[in-house]
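Position one of the sequence shown corresponds to residue 2 (the numbering used here), numbered consecutively onward. Data first, discussion second: the structure below is written as structure tokens.
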Amino acid sequence: MKYALSPKSSLVLFAAGLFFLTTNSLHAQSRKAVSKTPPTYPALAKQMHIGGVIRVAATVDAGGNVLKAESDSPNKMLVSAAVDAVKRWKFAPGDATETVTVEINFEANN
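What follows is the structure in structure tokens.
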């Protein structure tokens, strides 16, 4: 059996999919951190002038609590400090558990 969609049906399905993706993306961006614990700059990294931006993916529950935080950055010293800090953050409440990506900037010159 062969199925075919009319051009009008295809457009409706496309619009519905686009709406879902846009809504999901906007919803994820609405989860703002309301309490941020600053990271502790690792002494050795600071002494060696090692810095950079660490992206941390935080799994946040509906109440705004961080359930899990992780990063795939290769700089393990800075990752550890960034992840430890983000685990103590609090986010605005939401409808469901979701993943929020945050960036932690370690400035080596400070």
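Glycine included, each C-beta is placed from N, C-alpha and C at the ideal position.
- By the Cβ neighbour-count rule, S72 is buried, with 16 or more other Cβ atoms within 10 Å of its own.
- Taking S36 as reference, the option from D96, W90, F107 and A109 with the minimal CA-CA separation is W90.
- Contact between G95 and R32 holds, with the beta-carbon distance rounding to 5 Å and staying under 8 Å.
- Boundaries of the alpha helix (DSSP H) harbouring A86: K77 to V87, taken from the DSSP string.
- Per DSSP, reduced to three states, the secondary structure at K91 is strand.
- Apart from the 5 residues on each side of it in sequence, K88 sits with its Cβ closer than 7 Å to the Cβ of V67 and A70 in its chain, given in chain order.
- By the C-beta density criterion, V54 is exposed, having fewer than 16 other C-beta atoms within 10 angstroms.
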